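A quick write-up on the structure given underneath.
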Amino acid sequence: AQKVTQAQTEISVVEKEDVTLDCVYETRDTTYYLFWYKQPPSGELVFLIRRNSFDEQNEISGRYSWNFQKSTSSFNFTITASQVVDSAVYFCALSPNTGFQKLVFGTGTRLLVSP
Amino acid sequence: GAVVSQHPSRVICKSGTSVKIECRSLDFQATTMFWYRQFPKKSLMLMATSNEGSKATYEQGVEKDKFLINHASLTLSTLTVTSAHPEDSSFYICSASSNYGYTFGSGTRLTVV
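Protein sequence lines correspond, in order, to chains L and X. Mapping of the first sequence onto our numbering: position 99 corresponds to residue 99, and the numbering continues sequentially without gaps. Mapping of the second sequence onto our numbering: position 91 corresponds to residue 91, and the numbering continues sequentially without gaps.
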């Protein structure tokens, strides 16, 4: 069975701090996709990144970076120099195999960035 | 990019009435549509998966007679909450699957009074 664990329920930081959101996954599939989504208070899901299981290269996009380690089944997300606008719930998700079958979501981490 | 339009964004209805939520893929063909439900401060729970022209596949514990899903075309899928009750109040969100990945609708906040 597939499972995504986000152990951090809520994180509070002060603006400009760096913050890392953890994501650990379980799957028996040899090929899969991992995702991160942002859900602001308005509710819509904002796509942040998709990572193929074959690609373990870390990725950086502006203040966002992702660390994918198959050895530990982790796909952690770091926000550098956090801003108030980063306040949201962040979900890690797993697609069981390539072909975009149903997504399995983690329970989410609520990030609160204070001025 | 791929867009899924979900309507309505908010709806308030009386107990016992039915509510229809629509999701349209605007610039691509959505071969598969997923419907999720999200309770306050909780994760997204998959309710059902629908493929165009066939019956939806419901997740365990989801009442298929209560949550009717229709996927009659490659660009439109609907979720009808029948005989709504206050416990059906929730945030419902659709997601279309295509060769490019997943595209989510903006969600519908349903309040049953």
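Positions of the beta carbon are idealized from the N, C-alpha and C atoms, including for glycine. Fair warning: this is a prediction, and the values are worked out from it, not measured in the lab.
Kindly say whether F105(L), judged by its beta-carbon, lies nearer than 7 Å to any beta-carbon of chain X. Taking the first sequence and counting its residues from 1, the one referred to as residue 105(L) is at position 105. Answer yes: the Cβ-Cβ gap between F105(L) and chain X drops below 7 Å somewhere.
So, F104(X) versus L45(L), is the Cβ gap smaller than 7 Å? As a working mapping, residue 104(X) is identified with position 104 in the second sequence. As a working mapping, residue 45(L) is identified with position 45 in the first sequence. Yes. Within cutoff.
Quick one: grab the DSSP three-state call for K126(X). The structure shown does not extend to residue 126(X), since chain X is modelled only from 1 through 113, so no value can be given for it.
Would you mind working out which of S50(X), S43(X) and K41(X) sits nearest W35(X), comparing C-alpha positions? In the second sequence, residue 35(X) corresponds to position 35, counting from 1. When each option's Cα is compared against that of W35(X), the closest is S50(X).
Got a sec, what are the start and stop residues for the beta strand (DSSP E) C23(X) sits in? Your numbering for residue 23(X) matches position 23 in the second sequence. Segment V19 to S25, the beta strand (DSSP E) holding C23(X).
Assuming contact is defined by CB atoms lying nearer than 7 Å, are A30(X) and Y100(X) in contact in what I supplied? Looking up residue 30(X) in the second sequence gives position 30. Looking up residue 100(X) in the second sequence gives position 100. No, the Cβ-Cβ distance between A30(X) and Y100(X) is not below 7 Å.
Starting from H7(X) and walking both ways along the beta strand (DSSP E), at which residues does that stretch end? On the second sequence, position 7 is the one that residue 7(X) refers to. Counting along the chain, the beta strand (DSSP E) containing H7(X) begins and ends at V4 to H7.
Separation of W36(L) from I49(L), as counted between CA atoms: Position 49 of the first sequence holds residue 49(L). Position 36 of the first sequence holds residue 36(L). Rounded to whole angstroms, I49(L) to W36(L) spans 5 Å at the Cα level.
Starting from N76(L), follow its DSSP beta bridges and name the residues at the other end. Numbered from its first residue, the first sequence carries residue 76(L) at position 76. According to DSSP, which records beta bridges pairwise, N76(L) is partnered with N67(L).
Comparing C-alpha positions only, which one of S95(L), D86(L), T78(L) and Q69(L) sits nearest to Q39(L)? Residue mapping note: residue 39(L) aligns to position 39 of the first sequence, counting from 1. Cα-wise, what sits closest to Q39(L) is D86(L).
How far does the beta strand (DSSP E) with K38(L) in it reach, from first residue to last? Here residue 38(L) is taken as the residue at index 38 of the first sequence, counted from 1. Counting along the chain, the beta strand (DSSP E) containing K38(L) begins and ends at Y33 to Q39.
Please report the distance separating the alpha-carbon of V19(L) from that of P115(L). By one-based count along the first sequence, residue 19(L) stands at place 19. By one-based count along the first sequence, residue 115(L) stands at place 115. Rounded to whole angstroms, V19(L) to P115(L) spans 15 Å at the Cα level.
Please decide whether G1(X) counts as near chain L, where near means a Cβ-Cβ distance under 7 Å. Position 1 of the second sequence, counting from 1, holds the residue named residue 1(X). Closer than 7 Å: no.
Where does Q113(X) fall in DSSP's three states? Taking the second sequence and counting its residues from 1, one reaches residue 113(X) at position 113. In the sequence on display, residue 113(X) carries Val and not Gln. Coil.
Indicate whether S77(X) and M33(X) have their beta-carbon atoms separated by less than 7 Å. As a first step, residue 77(X) must be located in the second sequence, where it is residue number 77. As a first step, residue 33(X) must be located in the second sequence, where it is residue number 33. Contact: yes.
Can you find a CB in chain X that lies within less than 7 Å of the CB of L21(L)? One-based indexing of the first sequence puts residue 21(L) at position 21. Not closer than 7 Å to any Cβ of chain X, the Cβ of L21(L) fails to qualify, so no.
Using the beta-carbon count (16 or more within 10 Å), is T27(L) buried or exposed? Taking the first sequence and counting its residues from 1, the one referred to as residue 27(L) is at position 27. Result: buried.
Since I21(X) and T108(X) are thought to touch, with beta carbons under 8 Å apart, how far apart are those beta carbons, to the nearest angstrom? Reading the second sequence from its first residue, position 21 is the one you call residue 21(X). Reading the second sequence from its first residue, position 108 is the one you call residue 108(X). That pair is a contact at about 5 Å.
Give the single residue among R10(X), S83(X) and A84(X) whose Cα lies nearest to the Cα of G43(L). One-based indexing of the first sequence puts residue 43(L) at position 43. Among R10(X), S83(X) and A84(X), the Cα nearest to that of G43(L) is on R10(X).
Here's the rule I'm using: 16 or more other beta-carbon atoms within 10 Å means buried, otherwise exposed. How should G108(L) be labelled? For the purposes of this step, residue 108(L) is taken as the residue at position 108 of the first sequence. G108(L) comes out buried.
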